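Chains as they are written, first to last, in the working numbering: chain W, 836 to 1117; chain D, 836 to 1117; chain S, 836 to 1117; chain E, 836 to 1117.
4 protein chains.
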Amino acid sequence: MKFKVSAELGYEIKAPSTLVINIHALRTAHQNVIEETLSTPSYIKTEQLTDVNGENRFMRLEVPEPCTISIKYDALVDNYYEVRNHKDVAEIPVAKFAPSVLPYLNPSRYCQSDKLYRLASNTFGKIGSSFEQVFAITDWIHKNVEYLSGFTNSETSAYDTVTQQAGVCRDFAHLGIALCRALTIPARYFTGYAYQLQPPDFHACFEAYLGGDWVLFDATRLIPLNGLVKIATSRDAADASIASMFGDVTPTITKASCQYADETPFKPIYYTRSIFDGVTYF
Amino acid sequence: MKFKVSAELGYEIKAPSTLVINIHALRTAHQNVIEETLSTPSYIKTEQLTDVNGENRFMRLEVPEPCTISIKYDALVDNYYEVRNHKDVAEIPVAKFAPSVLPYLNPSRYCQSDKLYRLASNTFGKIGSSFEQVFAITDWIHKNVEYLSGFTNSETSAYDTVTQQAGVCRDFAHLGIALCRALTIPARYFTGYAYQLQPPDFHACFEAYLGGDWVLFDATRLIPLNGLVKIATSRDAADASIASMFGDVTPTITKASCQYADETPFKPIYYTRSIFDGVTYF
Amino acid sequence: MKFKVSAELGYEIKAPSTLVINIHALRTAHQNVIEETLSTPSYIKTEQLTDVNGENRFMRLEVPEPCTISIKYDALVDNYYEVRNHKDVAEIPVAKFAPSVLPYLNPSRYCQSDKLYRLASNTFGKIGSSFEQVFAITDWIHKNVEYLSGFTNSETSAYDTVTQQAGVCRDFAHLGIALCRALTIPARYFTGYAYQLQPPDFHACFEAYLGGDWVLFDATRLIPLNGLVKIATSRDAADASIASMFGDVTPTITKASCQYADETPFKPIYYTRSIFDGVTYF
Amino acid sequence: MKFKVSAELGYEIKAPSTLVINIHALRTAHQNVIEETLSTPSYIKTEQLTDVNGENRFMRLEVPEPCTISIKYDALVDNYYEVRNHKDVAEIPVAKFAPSVLPYLNPSRYCQSDKLYRLASNTFGKIGSSFEQVFAITDWIHKNVEYLSGFTNSETSAYDTVTQQAGVCRDFAHLGIALCRALTIPARYFTGYAYQLQPPDFHACFEAYLGGDWVLFDATRLIPLNGLVKIATSRDAADASIASMFGDVTPTITKASCQYADETPFKPIYYTRSIFDGVTYF
């Protein structure tokens, strides 16, 4: 499926600074970036980097002097996902996880799974399969956590949200991840462009490792599960923030949008409890 | 320099379980593991893994049934470190950090640098070079944080320790890392075997990225800086715990020791404020 | 009902110090302290005080020099409680609370009700009457929080316990209080001697203000509700700790016991969900 | 000294609600409220209450139905304070504190002194007298905590502020109180109207119990110490919030102002380190 995505970031910069920007659609075997353009002021040195795993890519911008800058990104992306029925998929035990999966069991900055063992076990521990546990976690978050802009900030973590029960997509994702890891289900953060998100913005949700697939879950239920263009997956938002700023930098604009650009009509996939369908972006 | 290191871990296991163990001396171009033996009960399936960066190596043990197990590790390691004077070493700006270094600027589970910006800036921000800042951080921790066994636990983080001001080597390391990152100095957790540590145990300290080197700092000042055999470096203890346990597992024994095994006499290197000497294990 | 209570506190004191001790059975119109003795070393100056509300009474001890002391308290108390059916008791709105009740709606050190509004409302908000809400809170705590000695410490608060889900009687009480206040139900901490508590110790539970009575609840369910001798009620443990120590003081002994001393057989009252019975110590 | 104070509070009320309002100038032997008027809509039932100590007074408003209300308060107050030199004032030990003073040593919701013992002791423990310690605390806060509107919220406590180092007058006061109590110096929260505060608003600072007086300290240094009209003193903001709202209430207006109304010119008193002058409002 083709999507046209675009982003705009603006900054007020008062001293020589460095920015690390995570807004590029990821290039994978199953997400083809057909064309993309990034426009930045010519006096800014930009550099495209890939992270240590060779997967996520991001831009580093060196701003030599005070200025006001605008960064624009546009891409046409051909995306691929699979829907798999997990009802009879065999669970993979920890003893069989690939080494690359194991870190997603560890607690991280915003997902303190180590502090949530008893709560996760008391609340979700008796539910049948891992798939059903993640489904129940997603349901619980959707039901109990209020989507509320401005309630949380960049320091808010799953440990806060599980009690305070309000936040934005990032907080929903962190809580989902933390609860999964507390149940020994690997989980990771997913950021991307989201079709039909209102108001348009960058979006965050999470993936749980189930039966050998990274299955997408979104406790906000704000978008269809198959309307996402992946920017990055990571331990949590600490490793995939839209922008990391080093210097005297004030963000002024953060915009993102996602339009459907395929000929065939878009058929949204939503959560359905009765069916064990899992959406995976390979 | 040669060291003979050994470890013993014991567990009471009440149901089929999986253990991930981080006790092997790391093999690097400058740390030669001359010989090593790991002894585990024969009915336990063991597997040696390397992490996603191909650096740290660890063991996964599959325990099929309830039992009491003991794991023993012995190794003879030839170690190499360099002492470099950092007085006139040029600082490297964020804009020049290799991509592999950048993640060590991000906050992590036990090192919430994002919550310590103002404190770090108010307390250490006006100190001259990055090297001197890290030295001052290490000094401050040594002076203000009391080494106190049993005060903290596996959930304790730098955010707690900066205020509560008591803990063990792990807590000292986490606080050092968090304060460095808050000042835009990459920092990482270092676990190893430590010569002359009393009582003998595994040890943790931290490395700061200064002038292109990962320089070792130890705010506990319990050991000479050149008496360490590296097990792992990582974001923080979440990624390098001695043992991660999945299942019904209770640790019963945790022992580690480190003996000097070289012919030439050991010449300890301690902290010296006046000299800008940094110890690096390459 | 008559109870014989006794307590022993021991301290290692290394410098001139002051202790404030809360172990006396409270004297009220309905709790008659028939006889009591407090024995302390003769060189220690003791003073009996009553708090600002003229209700709780406590001892202040001035220890002039280093020593090891033992404080013993014995009392025979005639106690009175009432069981009232709250099914048809009219609820009292905030607008009618006496001024002395209002502070028990405020958050306090260990009962951060302000941080639990959404959680309390999402979990208990739709339950019928205030009495049933408190009953459901007590049930939920009993079911989800594990009684575990040594897991928590004197800094642990309701905000911790609601997530960590383990603790001792003090933590159970604080969580109950915090959840009540978050639902606009006044609640206070209750410490006392508890009959049939195993192992014998001081006990803590809580009272909720319902229909004009302070009704006793105990989420630990370790004792019959009618086996308590009140020492103090307060905002939380911060105001009613067994001992506050000022100086270089290390507690060495903390013992308490409670024996039934009446002729008529003791008829224990336990929780019964179906009946709206509330036990109140006037 | 005479001050003319006024306040305006506005609320959007969507269901029958109760408000408890703390805006009246306190009436004491040394603060004479010469005249005051409170205007509220006639259909709202208002009731003036005094707290359990018979000191603070506050209003309870019963709003029977949805509405938009505005509450206005105006008063002419004749105020009295004393400046006392504390250089040679004998310190009072805990053993001599009146029972009414003791609760101000306990930790409270926003002043978790129990978590700050080591920090307070390490940072201020070696400073000479209690007066000088409180002065040093006030200095330290003024120097390290940035006055920043909107950074904190009603859940922010001293434990947060000591690390995050930003906040408003309320946060400055809570931190001062917590650090004092951690050093066994009783301290309490003070809210009032403040002359020359820019922009005009309610103000909060704190009092420390030194040599038998409650001495005023204000780490914000935004106002002269002798320009305050007391509304309330309390454990912390939990007990003296401007407004406690029970029901579906949204605050829309919060205004306060304070004008000098005396014939003699106002002579401001500011902090002076060299002199041990303490301002006390009796």
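Heads up, the beta-carbon is just placed ideally off N, CA and C, and yes, glycines get one too. These figures come from a predicted structure and were not determined experimentally.
**OP:** Measure the beta-carbon distance from LEU896/S to THR881/S and round it to whole angstroms, keeping in mind my assumption that it falls under 8 Å.
**Re:** Locating residue 896/S in the third sequence gives position 61, counting from the first residue. Locating residue 881/S in the third sequence gives position 46, counting from the first residue. That pair is a contact at about 5 Å.
Original post:
Over what stretch of residues does the alpha helix (DSSP H) that includes LYS839/W continue unbroken?
Top reply: One-based indexing of the first sequence puts residue 839/W at position 4. Per DSSP, LYS839/W belongs to no alpha helix (DSSP H); it is in the beta strand (DSSP E), 837 to 848.
**OP:** Out of ASP1036/W, ILE1066/W, PRO876/W and PHE959/W, point me to the one whose CA is closest to ALA1013/W's CA.
**Re:** Locating residue 1013/W in the first sequence gives position 178, counting from the first residue. Residue PHE959/W is the option with its Cα nearest to ALA1013/W.
Original post:
HIS1038/D by DSSP, collapsed to three states: which one?
Top reply: Sequence index remark: in the second sequence, residue 1038/D carries index 203 (1-based). Strand, per DSSP.
**OP:** Would you check whether the ligand GTP has a heavy atom nearer than 7 Å to the C-beta of VAL929/S?
**Re:** As far as ligands go, the structure on display features none, and thus does not contain the ligand GTP.
Subject >> Backbone CA spacing between SER1069/S and THR1115/D [nearest angstrom] >> reply: The residue you call residue 1069/S lines up with position 234 of the third sequence. The residue you call residue 1115/D lines up with position 280 of the second sequence. One C-alpha to the other measures close to 56 Å.
**OP:** Please name the residue, chosen from PHE1081/E, GLN1000/E, TYR1024/E and ALA1096/E, that lies closest to ASP949/S on a Cα-to-Cα basis.
**Re:** Within the third sequence, the letter at position 114 stands for residue 949/S. Among PHE1081/E, GLN1000/E, TYR1024/E and ALA1096/E, the Cα nearest to that of ASP949/S belongs to PHE1081/E.
**OP:** Take every Cβ of the stretch 1000 to 1017 of chain S, pair it with every Cβ of the stretch 1059 to 1077 of chain S, and state whether three or more of those distances are shorter than 8 Å.
**Re:** yes
**OP:** Grab the span of the beta strand (DSSP E) containing CYS1093/E for me, first residue to last.
**Re:** Position 258 of the fourth sequence, counting from 1, holds the residue named residue 1093/E. Start and end: 1084 to 1095.
**OP:** Determine which residues of the stretch 980 to 998 of chain W have a Cβ less than 7 Å from any Cβ of chain S, and write them out in chain order.
**Re:** GLU981, TYR994, VAL997 and THR998
Original post:
Which word fits GLY1113/W, buried or exposed, when buried means at least 16 other C-beta atoms lie within 10 angstroms of its C-beta?
Top reply: The residue given as residue 1113/W occupies position 278 in the first sequence. The residue in question, GLY1113/W, is buried, as its Cβ has 16 or more Cβ neighbours within 10 Å.
Original post:
How is VAL969/E classed by DSSP in three states: helix, strand or coil?
Top reply: The residue given as residue 969/E occupies position 134 in the fourth sequence. Residue state, collapsed to three classes: helix.
Original post:
Hey, does ASP1112/W have any beta-carbon neighbour from chain D nearer than 8 Å?
Top reply: Translated into positions along the first sequence, residue 1112/W becomes position 277. For ASP1112/W, the answer is no, since every Cβ of chain D falls outside 8 Å of its Cβ.
**OP:** Under 7 Å between beta-carbons, which chain E residues line up against GLN1000/D? List them in chain order, please.
**Re:** Here residue 1000/D refers to the residue found at position 165 of the second sequence. Those within 7 Å of GLN1000/D in chain E are ARG953, LEU954 and ASN957.
Original post:
Just to confirm, are PHE1041/E and TYR1024/E a CB contact at a threshold of 8 Å?
Top reply: Locating residue 1041/E in the fourth sequence gives position 206, counting from the first residue. Locating residue 1024/E in the fourth sequence gives position 189, counting from the first residue. The answer is yes: Cβ separation under 8 Å.
Original post:
Where does VAL980/S sit, in a helix, a strand or coil, going by DSSP?
Top reply: Translated into positions along the third sequence, residue 980/S becomes position 145. Note: VAL980/S maps to coil in three-state DSSP.
**OP:** Quick one: using the 10 Å Cβ neighbour count with 16 as the cut-off for buried, is LYS839/D buried or exposed?
**Re:** Your numbering for residue 839/D matches position 4 in the second sequence. So LYS839/D ends up on the buried side.
Subject >> Under 7 Å (Cβ pairs) to chain W, residues found in the stretch 1068 to 1096 of chain D >> reply: ALA1073, ASP1074 and PHE1081
**OP:** Give, in chain order, every residue of the stretch 924 to 951 of chain D whose Cβ lies closer than 9 Å to some Cβ of chain E.
**Re:** LYS950 and LEU951
**OP:** Can you pull the chain E residues whose beta carbon is under 9 Å from the beta carbon of ARG1023/S, in chain order?
**Re:** Taking the first residue of the third sequence as position 1, residue 1023/S is located at position 188. Within 9 Å Cβ-Cβ: nothing; ARG1023/S doesn't reach chain E, min ~13 Å.
Original post:
Where do the ends of the beta strand (DSSP E) carrying ASN867/W lie?
Top reply: As a working note, residue 867/W is residue 32 in the first sequence. Start and end: 867 to 874.
Original post:
Can you find a C-beta in chain B that's less than 8 Å from the C-beta of VAL855/S?
Top reply: Annotation note: the requested chain B is absent from the structure, which comprises protein chains W, D, S and E.
Original post:
Are there 16 or more other CB atoms within 10 angstroms of the CB of TYR994/E, so buried, or fewer, so exposed?
Top reply: Counting from 1 along the fourth sequence, the entry for residue 994/E is found at position 159. Flag for TYR994/E reads buried.
Original post:
Among ILE927/D, ILE1088/D, ALA842/D and THR1055/D, which residue has its Cα nearest to the Cα of TYR982/D?
Top reply: Position 147 of the second sequence, counted from the start, is the residue given in the question as residue 982/D. Out of ILE927/D, ILE1088/D, ALA842/D and THR1055/D, THR1055/D has the C-alpha closest to the C-alpha of TYR982/D.
**OP:** State the DSSP-derived secondary structure class of ASP886/W, mapped to helix, strand or coil.
**Re:** As a position in the first sequence, residue 886/W is number 51, starting the count at 1. Under the three-state reduction of DSSP output, ASP886/W falls in the coil class, being neither helix nor strand.
Original post:
So what's ALA1078/D in DSSP terms, helix, strand or just coil?
Top reply: For the purposes of this step, residue 1078/D is taken as the residue at position 243 of the second sequence. Strand at ALA1078/D.
Subject >> Helix, strand or coil at VAL898/E according to DSSP, with G and I counted as helix >> reply: Looking up residue 898/E in the fourth sequence gives position 63. Correct three-state label for VAL898/E: strand.
**OP:** Could you pull the start and end residues of the alpha helix (DSSP H) that VAL1003/W belongs to?
**Re:** Here residue 1003/W refers to the residue found at position 168 when the first sequence is read from its first residue. Premise fails: VAL1003/W is in no alpha helix (DSSP H) and is neither H nor E.
Original post:
Under three-state DSSP, which class holds ASN957/E?
Top reply: For the purposes of this step, residue 957/E is taken as the residue at position 122 of the fourth sequence. Shown here, ASN957/E sits in a helix according to DSSP, grouped into three states.
Original post:
Roughly how far, in whole angstroms, is the beta-carbon of THR998/E from the beta-carbon of THR998/D, given that I think they are within contact range, below 8 Å?
Top reply: Along the fourth sequence, one-based indexing puts residue 998/E at 163. Along the second sequence, one-based indexing puts residue 998/D at 163. Taking the Cβ atoms as the reference, THR998/E lies roughly 6 Å from THR998/D, within the contact range of under 8 Å.
Subject >> ARG919/W (DSSP reduced to helix, strand or coil) >> reply: What you label residue 919/W is simply residue 84 of the first sequence in a count that begins at 1. ARG919/W falls in the strand class under three-state DSSP.
Original post:
DSSP three-state call for ILE1012/W: helix, strand or coil?
Top reply: Translated into positions along the first sequence, residue 1012/W becomes position 177. Residue state, collapsed to three classes: helix.
**OP:** Assess, as a yes-or-no matter, whether the stretch 910 to 926 of chain D is touched by the stretch 954 to 974 of chain W under the definition of 3 or more beta carbon pairs within less than 8 Å.
**Re:** no
Subject >> Closer than 7 Å at the beta carbon, the chain E residues around LYS884/S >> reply: Taking the third sequence and counting its residues from 1, the one referred to as residue 884/S is at position 49. The question names Lys, but residue 884/S is Leu in the sequence shown. Within 7 Å Cβ-Cβ: PRO934.
Original post:
From ALA1022/D to ARG1016/D, what distance separates their C-alpha atoms?
Top reply: Taking the first residue of the second sequence as 1, we reach residue 1022/D at position 187. Taking the first residue of the second sequence as 1, we reach residue 1016/D at position 181. C-alpha of ALA1022/D to C-alpha of ARG1016/D: approximately 6 Å in a straight line.
**OP:** Check the Cβ-Cβ distances between GLU900/S and every residue of chain E, and say whether any is below 8 Å.
**Re:** Residue 900/S sits at position 65 when you count from the first residue of the third sequence. No, GLU900/S does not count as interfacial toward chain E.
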